[in-house]
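Structure first, then comments.
Chains as they are written, first to last, in the working numbering: chain A, 2 to 453; chain B, 2 to 453; chain C, 2 to 453; chain D, 2 to 453.
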């Protein structure tokens, strides 16, 4: 069920093409990572243009706006606002001037030393206009630029000073720079289309502009395009990489490949692992749309129990869903997710969800299945139990609100009204992404935080 | 692939409830039938209120607008504008005053004698403000009311005079009336929730307000609610019913049941029929989202060839998709539909689409599959060949534009670049809905028009 | 002080020019007659285009909208919504189809037999979509067209049937028709610019498009332009004309000329008459902006007492003025109208207002003047006492709310806190417009209604 | 004729009142100083709220927005964007965080050392988000705060460092600070309402909230309100004050008093001086609305030649005036300003305009007067000849575009088609404001720049 999204970034250096338009399509493909705000900035020699605001990419941009965004370099951003932050001023890219002229910055992730850095600069007289990490990042780059020989060197120095999760795209008048934090918490890939270079949060965005996937940016690496050539600085790269495992389980689109691992295959594997751990007897396996569907397919492949569609998801929720008056939450869930009686009635069901966080939604879903005539409902979560918050950008509630922090599996099963309940084990979690080049952060399941 | 949608209607008589809010949720569930305009009208004794406009239900209505729509009866509408008509004035419900006070009308369908009727009334001095059939229908009801004893009698007389497809909901100060044309071209069902009565285009809308499905309105029947009781006039009912078969293949949501037949099962059956007609050898069966998915599942069940996800559909297209500049249509298709390399690569594919109309989109989709590494691509259409236009509301292009009117199956196969191509036969079409109470209109495939 | 406005119409027949743009400028000049809604309709052979909505002309129309409004004929409307009617559907022009094709209608005024006519047509089965008189007028024209040889003959017949105030512009595919009710309640003038003909509510709109003033449409006259020529039918003209005298005192712009009489001169005359009736001793004469200013000037000319600016009017009130929280109405008046201390302090003031309706605003204004240091405040109204409502479109409140219906002049003077108070006499009223070709309706001051 | 406007500021410290609402009314009264953007920021203990954007005060704010702007201190701004700067990001107040928490800044004026200061800080690693002087000012305050004991001390230090025109209002969590540059280029006054203190660009804004005028902020003075008390630091005050004389001639509202001088009286005096310098023989004196009207009245008083209304100004131009297609500029002027034939025809006219800058508009106006039948048109400018640009915020074009830089008075007279032409002399200019406490900057007429 829906937990939250992450932000997404896209950038292109294309001296011959329509950079704003390519970025527009790239952001389209990344829209699942954030629907609150979006923005595109372009640069043409010294002239920087930017359009950003709240809403979907398809709603915020028009033909005439795209036509005004001229440039041979562009960066774009889609933003998930989370529960903490609804300020429109925080839309990205951030554009500014500094000692070397114009600069635009967009990022995905969450710093852990942001307040500390902000304080340090405020003690030197700095002022901050927003509450975003992006502004802190931009400040550090500007400060570093004072004694660095180049913008990319300044970004490299910033990478050293910043702690936490950050995937950066930075654009100056003649350069496009991208960087990924040394832990590699969030994904960032490189593509090529003709002479143009593209950076994007996920490979599905490369597909949308018909760019060829070259490789991923390495954790800690700074890459830049200048004069049509791609350069790299790997000085900050280490072995300690830890991609957020939740990218595979939930955030990323299944048609993306992250650090060598197909997201689709990882979800299939999660389903197969569940099958090994919980070899249940049932008539049909269903998934909770959208992320649970592939894992359900994996369970079906491993067990031979037929996979089928259990729910019809309403695709038209829109921006301002008005809650039912005397809201039975059940009614609300039903508007978004209607059980398909034809596949449910008189069946023993295995239902796979991508995660169980507070346990409030799964209760309603199970009730809907029973009303539709399900004989048994066995619930499997393709993520392990959430036991700890995330400090790197995933919007996980406090321990008090986490279902698995307050109850045993048996108690949870009884509360949600399932016939049985299972979670993917930590061991299995380690096996879902065999093709991945780097290891993972699973702190929300294990409390093993890679930094703190 | 996307062809078009139909309109949808919803109505409720609920003296104790919040009729506008229920209608809001009902329209949410019917949004797949039309996304251009929507509207809700309510009546409270003599005071009629209406809010309508362009956009999705979730965008047009706010909490405060719903609160202003008071009433014990409400009707609502979602509208598909087609290629012919983009006038905002044509949003429904239509509200007006006539000899007996206020009246609101919403309908789904297309009259075949609209111009004729309009002309007749213009010869009597009538003026028309819109280009909608709704206004013609309202006019006939108002005229009929002059010599009819009641509003429902006037509607009944209108049903006699109107030709073509029409599913009506009509609301006067104290009555809710619904009617379905004698051919039953478009669906209309009746639900009950406590003391309230609900009419809706599809049963999925009953589910969304937790109403129990009572039965379908019969072709030709006029039903009305007055003083809390449901009444029926079946005088115009005949045996010649002919529901649009495309409701099962494409328009309706799979969780709906029409005239006794589950839409999901009908699509499964279409897939099974295709399996019988085209027993191909392949590694995987995939469907083109969304309507092709269930038929693909049916083919898989019948043949044992694994069903899998072939495409990731971008769910965030938004209202104003800006086309690529030097548009390769392929790029446009790719933004909406990205092949899932993991399930496609090196595989022999059977791809099931709900229909092939002009053949332009399927060309691109096949090319995308080949680029993603498909070894073979066999295309099956779960609808027969389109050979003739529809006069009852389905937005089918002229014969010149219909792929199957200009080419043989072999030629089409070669043009679209498939390894093989097959269409559901007319015979099989007759078998996909065994539970349906009435027969079907399949004129677009057979030229057997039920009226003309 | 502000009472209300009237609607305004503009129309042009110009085979060589940009009719929509001319109408745009014409409506600009008529904006003082109504700020709620506006609209422009154009016709090009058989294609009718229309854009209308709420807001000012300068806000509703853009370059691209004007460019889409093609045609060799155009009609436009600005609308004052009054207290009765805020429905957006009621914006004009009204566009429709009838037996002879397309028709567009805009009008200024108020029918007295509208309900009666509506009822008559509802008994024949008519339906009405709006609550406007325009729709009734259009209906009658359409009915009349059935047995009339031409559209202008149909309009002529409508003029016979309609009672009350109506100034009409009507456009069919090849004709522009204008008509004025037989009483001539509202103004309508004819202009010429090259080969083009223009109709407008006031001559200031002719000036704005550089058209030359030809003459006024006569009360009861129907004029039309066809094939570039102007035609007239005066069959309904009578001697009983009665232009609303309030057009001169309040509604019209001072740079307009109505039926031969300059509005500016009429106001000057009203001031001179006041001087004759109330030869007061004072240091300065001031007017309440805007309509009171010219009458104050007239008083000054007649008496030699210097005219000066008494108030600075805030020109930027905008659409949504938010009232003070614990509203002293005084504060609200002060935001709109600030006394100019420099001309007020220690002075004996004669203040001329265009009318005193409820007496609520003038109380505040006098208090402001006293706070600004005025030694004496003598108030003169350039309109007589309002004693009766208007049935022809002027938005005058009921007798209970009319100040002069409840109190004597002495009582009113004491309530508003003035040193003296005087109203223009009915006799004087008869002398303010010596150049006018027709006589006037002064029923709101005399209860002598020209029809009823 | 219209030249441009200045910005305006308003601020209030009112522990018991509705600060946002008072600021709303204050900005209403200052709207003539800028119509592009506006904004209000409030602070409640530590929570800062801000709403700003493009449009008029009456359009941007709603009841619900005002209700969300809580606080015991508020500052507001109306902005004139000039020709240089149309960025929405530049709307004020500017809000930010710095070492001591939250800060909001709004200002009117133009710095002459802004680029220099910006450069200095960029060399220390600063980044700038906007192109406004406000951001530079905020930066300096933040830097100064590092070694100053208080926010007001930091503002005082900033006053020392900044050069040019600046009128500041600054708000921190518990203090409201205001400052005026040592030259006193722009006005700033102090008012009191009960226990509340108010700062505003003009006294007309004090009137609008019924505050009593206490005094003006002295050039160079920093004043602040803390704990309900008003404090002052006059350490930067000098004798070299130089208020922009154009405030009296054009910018300010006539009901305002600046540094002891009534704006109305100053304009009357300018008219009287013109009468002394140009004792012409004519039938009537008219003014070009709005600023020319009072000077015309002054000329009339001095000469006895009757003052009359020469033009009717269209008050409804709106935001997006669409220019005539094959624009005769004359037509454009006529839409905004229609001559009043009744006072013009067959008359010898003296027309007073507030200034003649490029000479393009006055040409059209004279032509309109002649078409309306004027026998003679004598033009007098109540400002001397513009010969040099302004570096302190007034939007005067370059020397090449200044009419008086290229032609003699005789040539100008001939070009604009006047019968005679005169400008106020520099000597007379020195006499129009006898009550003013400080001297004036008249550099645009004399090239005597107070700083540079």
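Yeah, the Cβ is synthetic: ideal placement off N, Cα and C, and Gly gets one too.
- The segment 120–140 of chain C makes no contact with the segment 111–119 of chain B, as fewer than three CB pairs between them are under 8 angstroms.
- Ranked by how close their Cα comes to the Cα of residue 336 of chain D, the residues D/101, D/180, D/369, D/411 have D/369 in first place.
- The three-state secondary structure of residue 238 of chain B, taken from DSSP, is coil.
- Taken in chain order, the members of the segment 144–159 of chain B whose beta-carbon sits within less than 7 angstroms of a beta-carbon on chain C are 144, 147.
- Identification of chain D residues near residue 123 of chain A by a Cβ-Cβ cut-off of 7 angstroms yields 99, 100, ordered along the chain.
- Between the beta-carbon of residue 367 of chain B and that of residue 334 of chain B there is about 10 angstroms, and that puts the pair past the 8 angstroms contact cut.
- Contact check for residue 376 of chain B against residue 400 of chain B fails: the beta carbons are separated by 8 angstroms or more.
- For residue 176 of chain A, the enclosing beta strand (DSSP E) stretches over residues 176–181.
- Judged by their CB atoms, residue 341 of chain C and residue 312 of chain C are nearer to each other than the 8 angstroms cut-off.
- Under DSSP, residue 108 of chain A shares a beta bridge with A/169.
- Under DSSP, residue 10 of chain D takes part in a beta bridge, and its partners are D/78.
- Using a CB distance below 8 angstroms, the part of the segment 191–215 of chain A facing chain B consists of 205, 208, 209, 210, 211, ordered along the chain.
- Distances from the CA of residue 201 of chain D to each of D/34, D/38, D/65, D/175 were compared; the closest alpha carbon is that of D/34.
- Residue 54 of chain A: member of the beta strand (DSSP E) spanning 48–55, first to last residue.
- Using a Cβ-Cβ distance cut-off of 8 angstroms, the segment 157–169 of chain B and the segment 409–429 of chain B are not in contact, since fewer than three pairs of beta carbons, one from each stretch, lie closer than that value.
- When Cβ-Cβ separations below 8 angstroms define contact, residue 72 of chain B makes no contact with chain C.
- Interface annotation for the segment 128–145 of chain B against chain C: 128, 129, 130, 139, 140, 143, 144, criterion Cβ-Cβ distance under 7 angstroms.
- A Cβ-Cβ separation of about 5 angstroms places residue 422 of chain A in contact with residue 380 of chain A under the 8 angstroms criterion.
- Under the Cβ distance rule, residue 434 of chain C does not count among the residues neighbouring chain D, no pair being separated by less than 8 angstroms.
- Where residue 45 of chain B is concerned, the enclosing beta strand (DSSP E) starts and stops at 38–45.
- Interface criterion met: the Cβ of residue 59 of chain B is under 8 angstroms from a Cβ in chain A.
- The beta carbon of residue 243 of chain C is closer than 7 angstroms to those of 184, 185, 186, 440, 441, 442, 451 in its chain, skipping five residues each way along the sequence.
- Per DSSP, reduced to three states, the secondary structure at residue 270 of chain B is helical.
- With a cut-off of 8 angstroms on Cβ pairs, the segment 60–80 of chain B is in contact with the segment 16–34 of chain B, counting three or more such pairs.
- Taking the beta carbon of residue 126 of chain D as reference, the chain A residues within 7 angstroms of it are 143, 144, 147, listed in sequence order.
- Judged by DSSP in its simplified three-state form, residue 442 of chain D adopts strand.
- Membership of residue 142 of chain A in the alpha helix (DSSP H) is indicated by the continuous run 134–146.
- Straight through space, the alpha carbons of residue 259 of chain C and residue 217 of chain C are spaced by roughly 7 angstroms.
- Taking a C-beta distance under 8 angstroms as the contact criterion, residue 29 of chain A and residue 251 of chain B do not qualify as a contact pair.
- Under the three-state reduction of DSSP output, residue 161 of chain A falls in the helix class.
- Listed along the chain, the chain B residues whose CB falls inside 8 angstroms of the CB of residue 335 of chain A are 208, 209, 211.
- Listed in chain order, the non-local C-beta contacts of residue 303 of chain C below 6 angstroms within the same chain comprise 273, 276, local neighbours out to five positions each way being set aside.
- Judged by DSSP secondary structure, residue 28 of chain B falls within the alpha helix (DSSP H) whose first and last residues are 20–31.
- Relative to the Cα of residue 420 of chain C, the nearest Cα in the group C/427, C/166, C/281 belongs to C/281.
- Within chain A, the residues placing a beta-carbon under 8 angstroms from that of residue 341 of chain B are 255, 256, 265, ordered along the chain.
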